[in-house]
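Reviewing the structure listed below.
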Amino acid sequence: MDPATLVPAAGIIQVEWQWFQGLLLVTFVAHLLLMNALVGSAVMALAEGLGHGSTAPVCRHVSRKLPTVTALTVNFGVAPLLFMQVLYGQFFYVSDILMGVYWLAVVALIIIAYYASYLYDFRFDALRSRRTAVLFVVVLALLAVAFLFVNNLSMMLTPERWVVYFENPGGTVLNFAEPTLVPRYLHFVLASVAVGGLVQALYWSRPGRRGLPGAVETAARGMRAFAYATAAQVAVGSWWLVSMPREVMLTFMGGSALHTVVFLAALAGAAVCLVLGFRGRPGSAAWALVVTVAVMAVLRELVRVAYLAPYYRVAELPSQGQHSPMVMFVVALVIGLGVIGFVLKLASGARRKEA
């Protein structure tokens with residue numbers, strides 16, 4: 023069967039595709055940073071709890087932030103998911119159907135993680151020895167959600183594997199046959215550990231925190247986690263690259279000037295993060311991380327375009343030229359971000375008063 027016959031027809035979008043692509047990149051970078059900070063901080067707190075006891079300062083600090091960061095991560099994840107559906111909906115929805123049972127489970131897993139994060143914060147003292155178990159539930163649920171997302175986003179890129187539906191139409195298909203599935207998932211996990219370590223290093227190296235007992239050692243552990251996890255990402259990223267179809271891989275190895283330049287820029291960003299990580303400079307590493315994540319988001323989009331090139335070209339999507347709703351959306355987005363910033367400022371002030 024020709025896989026192209028399984029791909030639904032693309033619809034007409036309201037404005038030029040570049041609008042949605044730009045918004046997809048911007049919102050995805052914000053979501054990715056929050057998501058990595060959430061998962062990584064939870065993993066760091068779990069490791070601290072197992073190694074130094076559940077009363078470790080890192081555990082208490084993370085417990086206070088988990089509910090807020092979880093909410094922000096989920097909400098900031100909605101926008102890029104919607105923009106991606108606008109541009110690639112005919113691929114994403116088919117993948118949804120193939121793994122429908124697991125995809126619906128994502129909602130339940132997020133609710134479990136959210137509830138457990140509140141329990142870990144509000145009942146931190148009362149939980150005592152059960153703190154680590156509750157935090158383990160948070161980490162496990164978040165990692166499961168990530169695994170299901172990686173399955174979905176990789177399966178949408180391979181229409182040639184969709185024929186499995188005729189053998190298993192029950193919505194329980196996972197993309198284990200995809201060679202990039204494991205390195206893609208590990209790359210996310212390692213990125214989360216790196217960002218989680220950096221977040222802890224930034225917090226405990228602040229002027230108001232350096233004098234606290236164990237602050238210097240905790241910040242140093244965070245920077246080591248950032249550096250070593252980043253180094254591991256380079257290795258896993260290489261595995262991911264060579265696992266791609268040959269024609270896609272060669273596109274980033276001289277086959278296309280744009281793709282190769284972006285790939286080299288991502289490698290350069292990773293190298294800078296490595297150097298700053300091993301030198302113990304969290305502030306500079308944070309700026310380097312943001313730039314590197316932005317470049318890698320562009321690289322990720324180029325990978326998606328290369329995978330889907332035999333079936334679809336997003337640049338050929340017809341548009342209706344309805345710009346006024348898009349302008350209204352951008353205005354509402356800016357206002358919404360301002361409100362979120364104001365609320366976070368109030369929440370931060372309330373936390374300081376409680377402390």
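In this text, residue positions in the sequence shown follow this note's numbering: the first is 23, and each later residue adds one. C-beta atoms are modelled at their ideal positions from N, C-alpha and C, and glycine is treated no differently.
Determine the DSSP secondary structure at residue i, reduced to helix, strand or coil.
| i | result |
| --- | --- |
| S265 | helix |
| I357 | helix |
| S63 | helix |
| I6 | The requested residue 6 does not occur in the structure, where the chain is confined to residues 23 to 377. |
| S341 | strand |
| I132 | helix |
| I34 | coil |
| A242 | helix |
| R231 | coil |
| R82 | helix |
| L56 | helix |
| V349 | helix |
| G103 | The sequence given here has Leu at residue 103, not Gly. If DSSP states are grouped into helix, strand and coil, L103 belongs with the helices. |
| E189 | coil |
| N197 | coil |
| V29 | coil |
| Y333 | coil |
| T397 | Residue 397 lies beyond the residue range present for the chain, which begins at 23 and ends at 377; the question has no answer from this structure. |
| G371 | helix |
| L88 | helix |
| D143 | helix |
| G236 | coil |
| T49 | helix |
Keeping to the same chain, check which residues put their C-beta closer than 8 Å to that of residue i; ignore five residues upstream and five downstream.
| i | result |
| --- | --- |
| P332 | A26 |
| T314 | A288, G291, A292, V294, C295 |
| P267 | Y329 |
| T154 | L68, G71, L72, S76 |
| V160 | A64, L88, A135, A138, S139, Y142 |
Where does the unbroken alpha helix (DSSP H) through residue i begin, and where does it stop?
| i | result |
| --- | --- |
| S306 | 304–330 |
| Y207 | 203–226 |
| F285 | 279–300 |
To which residues of the same chain is residue i closer than 6 Å at the C-beta, ignoring the five residues directly before and after it?
| i | result |
| --- | --- |
| A101 | T49 |
| L28 | P181, W184 |
| G99 | H53 |
| V61 | L164, S214 |
| N58 | A213, S214, V217 |
| G193 | G122, V123 |
| V186 | V195 |
| L47 | A319 |
Is any beta-carbon of chain D found at less than 8 Å from that of residue i?
| i | result |
| --- | --- |
| G99 | In the structure shown, chain D does not exist; there is a single protein chain. |
Which same chain residues, not among the five before or five after residue i, have their C-beta less than 7 Å away from its C-beta?
| i | result |
| --- | --- |
| A237 | W226, R231 |
| A354 | none |
| T90 | A369 |
| L162 | none |
| F210 | A168, V172 |
Please classify residue i as buried or exposed, where buried requires at least 16 other C-beta atoms within 10 Å of its C-beta.
| i | result |
| --- | --- |
| Q255 | buried |
| F364 | exposed |
| E16 | Residue 16 cannot be examined here, being either before or after the span of the chain that is shown, 23 to 377. |
| T92 | buried |
| E189 | exposed |
| G219 | buried |
| G174 | It should be noted that the sequence gives Asn, not Gly, for residue 174. Counting Cβ neighbours within 10 Å, N174 comes out buried, since at least 16 surround it. |
| N197 | buried |
| L234 | exposed |
| S151 | exposed |
| G277 | exposed |
Within the region 145–170, ranges of the alpha helix (DSSP H) (whole runs, at least 4 residues): 146–149
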